[in-house]
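Report on one structure; see the data block that follows.
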Amino acid sequence: MGYSEEKIKVPRFNEESGFYTTKKRSKIMSKIRGTNTKPEMIFRKALWKKGVRYRVNNKKLPGKPDISIQKYRLAVFIDGEFWHGYNWNERKQTIKSNREFWIPKIERNIQRDHEVNQQLTDMDYTVFRFWERDIKTELDKCINDVLVYMDWKG
7 MGYSEEKIKV
17 PRFNEESGFY
27 TTKKRSKIMS
37 KIRGTNTKPE
47 MIFRKALWKK
57 GVRYRVNNKK
67 LPGKPDISIQ
77 KYRLAVFIDG
87 EFWHGYNWNE
97 RKQTIKSNRE
107 FWIPKIERNI
117 QRDHEVNQQL
127 TDMDYTVFRF
137 WERDIKTELD
147 KCINDVLVYM
157 DWKG
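Under the working numbering, the residue at position 34 of the sequence shown is numbered 40, and the numbers go up by one with no gaps.
In structure tokens form, the structure reads like this:
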């Protein structure tokens, strides 16, 4: 089956493309993690405490889920609000600088998330996506959602 939407083109973020950045901005951006973020670590610790064993960033699965549990065919992603477009239709309007780069960049990330969800679903996986804010404010509910699914599936 697959995902058929045309891929959004993201311009290169470099001076040749008309994008300029400061050393300070570059240093800030270099500190942003892709894996092992605080919310991921909090979620993983809580899941481990409940006796759930899992794989982290399994390269064999599309999108390298933050957490995957083969036995239950379960993939869990913990998405950052900015990078994955939380409340995108409203937030899109608030981006002030480098809009020509950031809007397509985030929209492509959203599109890629949909593609990955579809690929995993086609492989008979169930996908859970939690926002970082949910992990910070409703950790018990997020953990419970996964546990309830595992009880139902098991």
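Ideal Cβ positions, reconstructed from N, Cα and C, are used throughout, including at glycine.
Q: Identify, in the order they occur along the chain, each residue of the same chain with its Cβ nearer than 6 Å to the Cβ of I73, setting aside the five sequence neighbours on each side.
A: Hits under 6 Å: Y60, V82.
(Q) Could you pull the DSSP bridge partners for I84 from this structure? (A) Under DSSP, I84 takes part in a beta bridge, and its partners are F136.
Q: Measure from the alpha carbon of E12 to the alpha carbon of each residue in N64, H90, D146, R118, then state which is nearest.
A: Residue R118 is the option with its Cα nearest to E12.
Q. Helix, strand or coil: how does DSSP classify I149 here?
A. helix
Q) Mapping DSSP to helix, strand and coil, what is R61? A) strand
Q. Does the pairing of the stretch 94-101 with the stretch 43-63 give three or more beta-carbon distances under 8 Å?
A. no
Q. Buried or exposed: where does P45 fall if 16 or more other Cβ atoms within 10 Å of its Cβ makes it buried?
A. buried
Q. To the nearest whole angstrom, what separates the beta carbons of T132 and L80, a pair I think is in contact under 8 Å?
A. 5 Å
Q. According to DSSP, is I75 helix, strand or coil?
A. I75 falls in the strand class under three-state DSSP.
Q) Which word fits V122, buried or exposed, when buried means at least 16 other C-beta atoms lie within 10 angstroms of its C-beta? A) buried
Q | Under the three-state DSSP convention, the category D157 falls into | A | helix
Q: If I'm right that D85 touches W137 with Cβ under 8 Å, what's the distance once you round it to whole angstroms?
A: 6 Å
(Q) With distance defined between alpha-carbon atoms, name the residue in I141, I75, V152 nearest to I48. (A) I141
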